[in-house]
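So the structure is just underneath, and the comments pick up after that.
In the working numbering, the protein residues as written are 5 to 401.
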């Protein structure tokens with residue numbers, strides 16, 4: 005009989021008990037044809053930690069201490085525990101290079117989905133978390149927001165846009181007596197984002213918007229510190245997320261993306277609506293809101309892991325995509341008041357224009373708070389009545 009070549013099964017141990025400082029990942033997996041269950045989970049643990057495809061001639065003793073362990077399997081779901089020393093403190097990209105790296109390219113797996121990672125206190129303490137969090141930005145003021153693909157173009161220069169919006173913000177504040185702001189998109193090369201962040205600060209804006217997926221984890225970490233020095237908050241757009249989270253059998257969950265962004269330090273992030281045009285069921289959207297807004301999250305079997313945030317500030321879920329005044333009751337039932345509600349086409353598409361659309365959205369919120377149906381409230385609010393006449397309670401697809 006030949007010598008042992010593969011050692012994937014060395015990474016499988018159903019009796020293993022993770023220590024409190026270990027990171028735990030929850031995966032869904034589907035083995036390729038003729039690959040056993042144990043070999044599959046062993047490959048996941050091996051490839052995402054210290055293993056390779058074959059046994060080695062020499063291996064330092066410390067390597068055994070750095071091995072991941074696939075220690076709990078339930079059907080096609082497996083928990084893998086990773087020693088703390090495997091990770092560089094405060095390095096979010098490195099974490100993803102491990103638990104979401106080469107393992108997704110293995111031929112031995114037809115499908116693999118990273119659902120959640122339980123982050124211990126020892127790991128979390130090296131990340132800043134949100135600069136302001138929910139408590140620091142709560143207040144009900146109104147804002148305008150850039151589209152995710154609007155940066156600085158020939159037809160809409162970034163610097164000119166900032167200066168114009170500052171004037172309009174001041175005008176609106178003087179007219180209403182309310183605080184106003186803007187989520188202006190600084191997405192670009194990292195050094196250029198830092199320049200744009202300073203420009204926003206110089207013109208008195210309290211927020212910057214970042215397309216966090218396309219910019220990448222390292223850029224978001226850098227801008228968290230830059231904007232934090234300016235006392236500014238981060239509005240995180242999730243553009244490109246569905247390229248890896250839409251398939252329920254493969255990729256990375258939106259839940260985990262939101263969780264990692266809270267760890268890094270965004271103050272709010274787009275989370276889905278369940279009633280708008282974008283993917284995401286009601287239970288998925290509630291789960292994302294939970295991991296952003298709660299200090300502790302309890303495990304739900306095959307859905308998420310326990311998470312104690314150990315003092316990391318809470319972040320706002322943002323509901324957006326295909327919204328209009330007629331959907332406000334559904335949104336508030338799903339999220340409660342602790343959310344950021346972005347209504348774009350449902351404001352600009354109002355029969356009487358943007359101002360009337362904004363009034364209709366506010367009137368819809370007032371109706372819910374006053375215990376009235378939208379139809380009852382619309383009898384005395386023509387803007388809301390006109391919005392309902394156009395859209396009713398339509399849920400876009």
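Quick reminder that beta carbons are idealized off the backbone N, C-alpha and C, glycines included.
Does the distance from the CB of residue 96 to the CB of residue 248 come in under 8 angstroms? No, the Cβ-Cβ distance between residue 96 and residue 248 is not below 8 angstroms.
Host beta strand (DSSP E) of residue 85 (start-end): Looking at the DSSP string, the run of the beta strand (DSSP E) that includes residue 85 is 81-86.
Tell me which same chain residues have a C-beta within less than 7 angstroms of the C-beta of residue 389, skipping the five on either side of it? Once the five neighbours on either side are set aside, the close Cβ partners of residue 389 are 382.
Quick check: the Cα distance between residue 164 and residue 200, rounded to an integer number of angstroms? Cα to Cα, the separation comes out at about 12 angstroms.
Is the separation between the beta-carbon of residue 296 and that of residue 262 shorter than 8 angstroms? Cβ atoms of residue 296 and residue 262: closer than 8 angstroms.
What did DSSP end up calling residue 308 once you bin it into helix, strand or coil? DSSP places residue 308 in strand when its eight states are reduced to three.
Drop a sphere of 10 angstroms on the beta-carbon of residue 159, count the other beta-carbons inside from all chains shown, and report buried for 16 or more, exposed for fewer. So residue 159 counts as exposed.
Looking only at its own chain, which residues have a Cβ that is under 7 angstroms from the Cβ of residue 156, when we skip the five neighbours before and after it? So the qualifying residues of the chain are 162.
What distance in whole Å lies between the Cβ atoms of residue 279 and residue 335, which are believed to be in contact at a cut-off of 8 angstroms? The Cβ separation is near 7 angstroms, so the contact holds.
Thinking C-alpha only, which one of 152, 219, 306 is nearest residue 447? Any property of residue 447 remains undetermined from this structure, which presents the chain solely from 5 to 401.
According to DSSP, is residue 108 helix, strand or coil? The three-state reading of DSSP puts residue 108 in helix, counting H, G and I together.
Buried or exposed (CB count within 10 angstroms, at least 16 for buried), residue 405: Summary: the structure shown does not reach residue 405, with the chain confined to residues 5 through 401, and so no result is reported for it.
Cβ neighbour criterion (16 or more within 10 Å) applied to residue 385: Sixteen is the threshold: when 16 or more other Cβ atoms of the shown chains lie within 10 Å of the Cβ of residue 385, as they do, the residue is buried.
Exposure label - residue 53; buried when at least 16 CB within 10 Å: Its Cβ being crowded by 16 or more others within 10 Å, residue 53 is buried.
Below 8 angstroms on the Cβ atoms is my contact criterion, and I expect residue 45 with residue 82 to pass it. Report the Cβ-Cβ distance as a whole number of Å. Their Cβ separation, rounded to whole angstroms, is 5 angstroms, which keeps residue 45 and residue 82 in contact under 8 angstroms.
Our contact map puts residue 72 next to residue 16 with C-beta atoms below 8 angstroms; I'd like the distance itself, whole angstroms only. Going by Cβ atoms, the distance from residue 72 to residue 16 rounds to 10 angstroms, so no, they are not a contact pair.
Buried or exposed by the 16-neighbour rule on C-beta atoms within 10 Å, applied to residue 191: Result: buried.
Host alpha helix (DSSP H) of residue 118 (start-end): Here residue 118 belongs to no alpha helix (DSSP H); instead the beta strand (DSSP E) covers 113-122.
Output needed for residue 363: all residues of its chain with C-beta closer than 7 angstroms, excluding positions within five of it in sequence on either side, in chain order. Closer than 7 angstroms at Cβ, skipping near neighbours: 387.
DSSP state of residue 138 mapped onto helix, strand, coil: DSSP places residue 138 in helix when its eight states are reduced to three.
Quick one: is residue 374 buried, meaning 16 or more other Cβ sit within 10 Å of its Cβ, or exposed? Classification of residue 374: exposed, given that the 10 Å Cβ count is below 16.
In whole angstroms, give me the CA-to-CA distance for residue 400 and residue 353. As the crow flies, the alpha-carbon of residue 400 is around 14 angstroms from that of residue 353.
DSSP three-state assignment for residue 171, whether helix, strand or coil: The three-state secondary structure of residue 171, taken from DSSP, is helix.
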